[in-house]
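Below is one structure; the comments refer to it alone.
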Amino acid sequence: MTTTHTAQPDDALVAALRAAVGADGVLTDTEVTASYSRDMMPLAPSATPVAVVLPSSTEQVRAVVRACAAAGVPIVPRGAGSGLSGAANAVAGCVVLVTTRMNQIIEVDADNRLAVVEPGVVNLDLRAAVEKRGLFYPPDPSSYDWCTIGGNLSTNAGGLCCVKYGVTTDSVLGLEVVLADGELLRTGRRTVKGVAGYDLTKLFIGSEGTLGVITRATLALRPLPQAPATLVAAFDSTAAAGAAVATIVREGVVPSLMEIMDQTSISAVEQHLNTELGAEPGCAALLICQSDSGGDAGRRELAVIEQVCRDSGANLVHATDDLAEGRMLLAARRSVLTALEVYGAWLTDDVCVPRTRIAELISGCERISRECGLRIAVVGHAGDGNMHPTIVYDPTSEREFARARTAFGDILALGLRLGGTITGEHGVGKIKQEWLAREIGPVGLRVHRGIKAALDPDNLFNPGSMFSMS
Ligand SMILES: Cc1cc2nc3c(=O)[nH]c(=O)nc-3n(C[C@H](O)[C@H](O)[C@H](O)COP(=O)(O)OP(=O)(O)OC[C@H]3O[C@@H](n4cnc5c(N)ncnc54)[C@H](O)[C@@H]3O)c2cc1C
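Count the sequence shown with my numbering and you get residues 1249 to 1718, in order.
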């Protein structure tokens, strides 16, 4: 089923939106609305929205949804716009609904280890608030100092913690969602266990704004982990680093973080930070691991990892429980994208492969880099196989951009060939629709369309994102 949407908001729609959220919550100046038209993914198509609305409450979101539904105008929900798949990009004639004014941490219940939050809360603000109560909210996308919980929920965001603590969905107990007819759906529970009905909470997590607007979330918290001890190991081949990852997994050790950087990432960061990461010249890959188990348990974990790295051929292994040094090593890992900006614009991929195939992914990316003649740095979450091969190109050159686009697709194809998935955490959005269809097949696509049609029959929310309805 397709729906035709109007290109311009009529006066009646603008009036209804102003009635819903107040005049200062409706932006229509195209110079302003243009800044809400796209996220951080350069490949994805976008359009200028006809209006941007900034509701402050669930009731305001409901009124906006009803106004847009009545006018037949699509809605693209948006948090901070830090996404890397174009999922929050405006579509022609749409209203962009921005949640940043809904930024209240409503409750932190230490006895039941949960928090109730609005969607516009910034990830790091939540982490800091619960830390004061001795609690821990694990999901930690690298963008955590500006991305929102609503965006994290809607993309099922991951981060550096996933090897031990899972992705966003593993920390969610329940949601409040405004549906396409303006009704309010409450999913999930506040209890640790609960199996009543379909798991609608998980259905909305990762739905990329295509099924409704999340207006509240009940999140599971954990006790604050111990201060992390850190280990860094340098390898002169990616195959050796890949073998170390697989052996660490097989040994049954669960580090709280296990990241890999290839040679291109290492040299970019060393240049950017004007420092040496402890890697010897010719180092092909660096593994950074942490244990947050503390005390003897933490020391035992790092000792096993150290032994595995040495047995796998690491030519340098360094372990430290010095917090500042550990933070410095992690800062280096987190600064890869910024470091690459010296060479040009970046386009980051997000394939996830079985952990035993990481080395093949890296060597495959080296081949693709040679073929397209562009620098490709591979950095990623080795502990869960989620790799971010990042293509660097000259943004002023259409030919380089075209080659970068081809390389982006080649990396996705490589990930699938290695038994992986096209996205480990960034989502499908407006760049990987065909790849989603390829990965899930016709039956999977039919079920996706059926769910969308049941919840959003007029294709109101983020139409065309993730998959088309025809
Ligand atoms: C430098 C950098 C590093 C990054 N590192 C990571 C990383 O380590 N791990 C990771 O997973 N991602 C990472 N990202 C990607 C991005 O930060 C995440 O996808 C994040 O979850 C997006 O949050 P946001 O608030 O910016 O959402 P947006 O980009 O605004 O929106 C993302 C999606 O969520 C939908 N949405 C937002 N709010 C709602 C809501 N309330 N209800 C319904 N739908 C909604 C939007 O429609 C869109 O589909 C990184 C991005 C950058 C730029």
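Backbone N, C-alpha and C define an ideal beta-carbon position, used for all residues, glycine too.
THR1435 CB to nearest heavy atom of ligand 1 below 6 angstroms: THR1435: no, Cβ never under 6 angstroms from ligand 1.
Distance cut-off 6 angstroms: THR1347 Cβ against heavy atoms of ligand 1: yes
Distance cut-off 6 angstroms: GLU1456 Cβ against heavy atoms of ligand 1: yes
Per-residue DSSP class, three states only, for SER1513: helix
ASN1634 - partner residues in DSSP beta bridges: Answer is CYS1600 and HIS1629, bridged to ASN1634.
Contact with chain D by ASP1484, beta-carbon distance below 7 angstroms: In the structure shown, chain D cannot be found, because there is only a single protein chain.
Local Cβ density within 10 Å of GLY1442, reported as buried at 16 or more and exposed below that: exposed
Buried versus exposed, by CB contacts within 10 Å (16 or more), PRO1387: So PRO1387 counts as buried.
Segment limits, beta strand (DSSP E) that includes THR1348: First-last for THR1348: undefined, no H or E at that position.
ASN1337 beta carbon near ligand 1 (any heavy atom closer than 6 angstroms): no
ARG1582 CB to nearest heavy atom of ligand 1 below 6 angstroms: no
Buried or exposed (CB count within 10 angstroms, at least 16 for buried), ILE1354: exposed
Secondary structure of SER1539, DSSP reduced to three states: DSSP, read as helix, strand or coil, puts SER1539 in strand.
Outcome for LYS1380 when other beta-carbon atoms lying within 10 angstroms are tallied against a minimum of 16: Answer is exposed; the Cβ neighbour count stays below 16.
Residue closest to ALA1494, alpha-carbon to alpha-carbon, out of ARG1286, ILE1670, ASN1563 and PRO1602: The option with the nearest alpha carbon to ALA1494 is PRO1602.
Length of the line joining the Cα atoms of THR1604 and ALA1489: 11 angstroms
Three-pair Cβ contact test at 8 angstroms for the segment 1296-1311 versus the segment 1323-1342: yes
ASN1522 classed as buried or exposed, judged by whether at least 16 other C-beta atoms fall within 10 angstroms: exposed
contact_flag[the segment 1629-1642, the segment 1582-1595] where n(CB pairs < 8 angstroms) is 3 or more: Segments in contact, yes.
Cutoff 8 angstroms; reference ALA1317; Cβ partners in own chain excluding five residues on either side: ALA1428, ASP1429, GLY1430, ASP1706 and LEU1708
Contact test: SER1419 Cβ vs ligand 1 heavy atom, cutoff 6 angstroms: no
Close beta carbons around ILE1462, own chain, < 6 angstroms, minus the five adjacent residues each side: PRO1367, GLY1398, LEU1401, LEU1423 and VAL1425
CB contact flag (VAL1370, THR1396, <7 angstroms): Yes.
Buried versus exposed, by CB contacts within 10 Å (16 or more), MET1249: Unreliable placement is indicated for MET1249, whose pLDDT of 33 sits below 50; the coordinate value is still reported in the next sentence. By the neighbour-count rule (16 or more Cβ atoms within 10 Å), MET1249 is not buried but exposed.
Separation of ASP1259 from ALA1465, as counted between CA atoms: 34 angstroms
Spatial distance of GLN1474 from ALA1492 (CA atoms): 25 angstroms
Own chain, CB closer than 7 angstroms to ARG1653, minus 5 neighbours either side, in chain order: LEU1291
Residue ranges of each alpha helix (DSSP H) within the segment 1444-1513, 4 or longer: 1448-1452 and 1486-1498
Beta-carbon proximity of TYR1385 to LEU1469, cut-off 7 angstroms: yes
SER1330 versus GLU1554 - alpha carbon distance: 36 angstroms
Own chain residues within Cβ distance below 7 angstroms of ARG1623, not counting five before or after: Answer for ARG1623: THR1512, TYR1591, SER1617 and VAL1640, listed in chain order.
Ligand 1 heavy atom lying under 6 angstroms from the CB of GLY1574: no
VAL1287 CB to nearest heavy atom of ligand 1 below 6 angstroms: For the record, residue 1287 in the displayed sequence is Asp; it is not Val. The answer is yes for ASP1287.
Cβ shell of ALA1263 (< 8 angstroms), same chain only, five flanking positions each side left out: The answer is none, since no qualifying residue turns up.
Nearest neighbour of ALA1282, chosen from ALA1340, ARG1686 and LEU1664 [CA to CA]: ALA1340
Reference TYR1284, options ALA1625, VAL1344, ARG1694 and GLU1456, closest by Cα: VAL1344
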